[in-house]
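Participant: I have a structure I would like to understand better, so I am pasting it below and will then ask my questions one at a time.
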Amino acid sequence: ADELQRAGKRVYLSVGPHDRPPRAYRGRDFCWWLGVLGKWDLETPGPGTEHVTIAVSGARGGETIDFRRLAKQGLTLVGMTRTYQDGLMSFAPDLAKNIARGDANLMSLLDEADAYVARNGLDLPEEPAAR
Numbered sequence: 001a002d003e004l005q006r007a008g009k010r011v012y013l014s015v016g017p018h019d020r021p022p023r024a025y026r027g028r029d030f031c032w033w034l035g036v037l038g039k040w041d042l043e044t045p046g047p048g049t050e051h052v053t054i055a056v057s058g059a060r061g062g063e064t065i066d067f068r069r070l071a072k073q074g075l076t077l078v079g080m081t082r083t084y085q086d087g088l089m090s091f092a093p094d095l096a097k098n099i100a101r102g103d104a105n106l107m108s109l110l111d112e113a114d115a116y117v118a119r120n121g122l123d124l125p126e127e128p129a130a131r
């Protein structure tokens, strides 16, 4: 969506429930963090369980997704897509809730990462701006 907006297009972005890990934190890629924090070992949700997207980007070398920043850049954010019929789309009124959920997930992962660094005595640079 960001690349379309930068190309001068009008962009609407539907934001559903999502996890929002940092693209990188304290000098390490998010894949490394998800591994050392045991996230890759979590059980797969059962059938019929809500699928939650992981919002990550590799654009410009990888950036943490920030929906508020995208909106400030001119993207129009809407809630989760409900339906499409006869050329009309409808969206759930859940944008604020979905962004708050993603923010909470990001802060939780940063807290877990900081605790891991402290517990293991790692010399990884702090990143106060990530919060």
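In the numbering used here, the protein residues as written are 1 to 131.
We put the beta carbon where it would ideally sit given N, CA and C, even for glycine.
Quick caveat, the model's predicted, so the values are computed rather than measured.
In whole angstroms, what separates the C-alpha of Asn120 from that of Asp66?
Facilitator: Going by the C-alpha atoms only, they are around 29 Å apart.
Participant: Going by beta-carbon coordinates alone, are Ser14 and Gly79 separated by less than 8 Å?
Facilitator: Cβ atoms of Ser14 and Gly79: closer than 8 Å.
Participant: Once DSSP output is grouped into helix, strand and coil, what is the label at Asp86?
Facilitator: It is coil, neither helix nor strand.
Participant: Mind checking which residues open and close the alpha helix (DSSP H) that includes Leu34?
Facilitator: Per DSSP, Leu34 belongs to the alpha helix (DSSP H) from 30-36.
Participant: Please report the residue range of the alpha helix (DSSP H) in which Val117 lies.
Facilitator: Segment 95-120, the alpha helix (DSSP H) holding Val117.
Participant: So what does DSSP say about Asp123, is it helix, strand or coil?
Facilitator: Here Asp123 sits in coil by DSSP.
Participant: To which residues of the same chain is Glu127 closer than 7 Å at the C-beta, ignoring the five residues directly before and after it?
Facilitator: Hits under 7 Å: Tyr25, Arg26.
Participant: Once DSSP output is grouped into helix, strand and coil, what is the label at Asp2?
Facilitator: Note: Asp2 maps to helix in three-state DSSP.
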